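For what it's worth, the working numbering labels the leading residue of the sequence shown as -5, then goes sequentially. Virtual Cβ for every residue (Gly too), placed ideally from N, Cα, C. Because the structure is a prediction, the values reported are computed rather than measured. These notes are about the structure you will find just below.
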Amino acid sequence: MRDLVEFGMGRTARRTYELEDISIVPSRRTRSSKDVSTSWQIDAYRFGAPILNHPTDALGSPEAAIEMGRLGALGVLDGEGLWARHENVEEKIAELVDIAENDADPAAAVRHLQKLHAAPIDLDLLSAAVRRVREAGVTTAVRVSPQHAAELASTVIGAGAEILVVHGTIISAEHVVMVNRGDEVVAEPLNLKTFISDLDIPVIAGGVHDHRTALHLMRTGAAGVIVGYGSTEGATTTGEVLGIGVPMATAIADAAAARRDYLDETGGRYVHVIADGDIHTSGDLAKAIACGADAAVLGTPLAAASSAPGKGWYWPSAAAHPDTPRGALLQVAEESDRSSLDVVLNGPSDDPDGLLNFVGGLRRSMAKAGYSDLKEFQKVGLSVRG
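Below is the structure:
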């Protein structure tokens, strides 16, 4: 039953909950954490950890994606990021970080990021980046925006992409873009159902915020649906710019309900729910899975890894938007405080706040609650703050 609140005459809104409002309530026989599996499989691809990186250049260099894959997670390249636009990306990021560290105006770094993204996409550079990951022998995933999915898909798939991620702040089953046709500008819809059916690789699409949109995306044939837009306090500003926010606990549960409805509707087709937003600790990851997610996208925790291209700085992909940036550069770790990606994901941890050993924290939470795999853990008891 939906909890509606009337906040003015004739106007109601739904009461919703964030992950911080939710707690896991163990009620079964406990088990050893060694008896717990955190493996996750989407389509034919199996991973030891239910973790993806946010598709930003702060996290997703080809080398970082390769390391993610070797450690059991899924690294995602941004097909419209700096590795698709510049040859000397490390130098460009160093310039960006220098501005963020030394310019008193926070907007200066955003302006420079916009300038870097104003360079056209070079299909040869994009293909080379994708091939580098594929040739390393790890699962290769590439993100494209709904606006450019049709024009870039063949390039990234031809270069070796095995999973395509169609990702935007908000996405619907049909996305209308304005394109130039000779002397006129016309509306041209991208029908995701048609688009996905023409591809030979699985597609993950999102973000969505509610049951209806999640169900519509599942009906397009997507293998996975992303819930949220990567909300991170201090880095994402979608709420301030657009007035749009995602209460992640409620949104994940709604998408999980859509998954059950679609499973019944199709007689057994399972679509994965991937949480993307407000997941900053291993406890947040555990709560996202408990609310119904199959996997989760991490942002700032991975930016603190020594291998992250952002050198301890994080920014979402939406921060580079040419006229409506919805993010800023956020320093999450000093150079001397950065841990290896292996420690961030698998430990051992010396941090008491859940900022390291994400997989270990998830595994121990599952063990304390008495569950041995992720799908079973989605049924764990939960409590909500009054």
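Terminal residues of the continuous beta strand (DSSP E) containing residue i?
i      : result
Gln35  : Trp34 to Ile36
His161 : Ile157 to His161
Glu0   : Leu(-2) to Gly2
Leu236 : No beta strand (DSSP E) holds Leu236; the alpha helix (DSSP H) holding it covers Thr232 to Leu236.
Val70  : Val70 to Asp72
Ile45  : Ile45 to Asn47
Ala7   : Arg5 to Arg8
Enumerate in chain order the residues of its own chain whose CB-to-CB distance from residue i is below 6 Å, with the five nearest sequence positions on each side excluded.
i      : result
Gly355 : Ser276 and Gly348
Ser300 : Arg332 and Ser334
Gln372 : Gly286
Ile220 : Gly200, Gly201, Ile268 and Asp270
Ala250 : Val267 and Gly286
Leu279 : Ile273, Ala290, Phe352 and Leu356
Ala130 : Ile60
Can you name the start and end residues of the alpha helix (DSSP H) that residue i belongs to?
i      : result
Asp255 : Met242 to Thr260
Ala297 : Thr294 to Ala297
Asp278 : Ser276 to Cys285
Asp270 : That residue, Asp270, is in no alpha helix (DSSP H); its beta strand (DSSP E) goes His266 to Gly271.
Arg64  : Pro56 to Arg64
Lys369 : Leu368 to Phe371
Going by other Cβ atoms of all chains shown within 10 Å of its Cβ, with 16 needed for buried, is residue i buried or exposed?
i       : result
Arg8    : exposed
Glu145  : exposed
Pro49   : buried
Asp92   : exposed
Met3    : exposed
Arg40   : exposed
Arg(-4) : exposed
Leu(-2) : exposed
Lys28   : exposed
Asp288  : buried
Asn185  : exposed
Ser26   : exposed
Asp272  : buried
Ser359  : buried
Pro295  : buried
Pro342  : exposed
Glu12   : buried
Ala112  : exposed
Gly224  : buried
Arg79   : buried
Ala302  : buried
Glu328  : exposed
Ala94   : buried
Asp97   : exposed
Ser311  : buried
Ser55   : buried
Thr134  : buried
Could you pull out every residue in the same chain whose Cβ sits closer than 8 Å to the Cβ of residue i, ignoring the five residues on either side in sequence?
i      : result
Glu89  : His106
Arg125 : Ala153 and Gly154
Val132 : Ala59, Ile60, Met62, Gly63, Arg64 and Gly69
Ser389 : This structure cannot speak to residue 389, because the chain is shown only from -5 to 380.
Asp15  : Ala243, Val378 and Arg379
Ser366 : Arg25, Asp29, Val30, Ser31 and Met360
Asp194 : Ile151
Tyr256 : Leu209, Met212, Arg213, Arg263 and Val265
Please name the residue or residues paired with residue i in a DSSP beta bridge.
i      : result
Leu383 : Within the shown structure, residues of the chain are numbered from -5 to 380, placing residue 383 beyond reach of any answer.
Tyr39  : Ile36
Val378 : Ile16
Asn82  : In DSSP, Asn82 forms no bridge with anything.
Ala333 : The question names Ala, yet the displayed sequence has Ser at residue 333. DSSP lists Ala299 as partners of Ser333.
Ala94  : According to DSSP, which records beta bridges pairwise, Ala94 is partnered with nothing at all.
Ser225 : Gly271
Val291 : Leu46
Within the same chain, show all residues whose beta-carbon is closer than 7 Å to that of residue i, passing over the 5 residues directly before and after it, in chain order.
i      : result
Lys362 : Pro20 and Thr24
Thr32  : Gly42, Ala43, Pro44, Val353, Leu356, Arg357 and Leu368
Ile190 : Val197, Thr214, Gly215 and Ala216
Arg206 : none
Val235 : Thr318 and Arg320
Ala10  : Note that residue 10 is Thr in the sequence shown, not Ala. Closer than 7 Å at the Cβ level, and outside the excluded window around Thr10, lie Pro241 and Thr244.
Gly73  : Leu120, Val136, Arg137, Val138, Leu146 and Val150
Ala396 : Because residue 396 is not part of the residues shown, which for the chain are -5 to 380, the question remains open.
| query | Whole alpha helix (DSSP H) runs in the region 109 to 161 with 4 or more residues, listed along the chain? | reply | 117 to 129 and 143 to 153
| request: Report the residue ranges of all alpha helix (DSSP H) runs contained in full by the region 191 to 220; include only those spanning at least 4 residues, in chain order. | output: 205 to 212
| Continuous alpha helix (DSSP H) assignments of at least 4 residues falling wholly in the region 339 to 365 | 352 to 363
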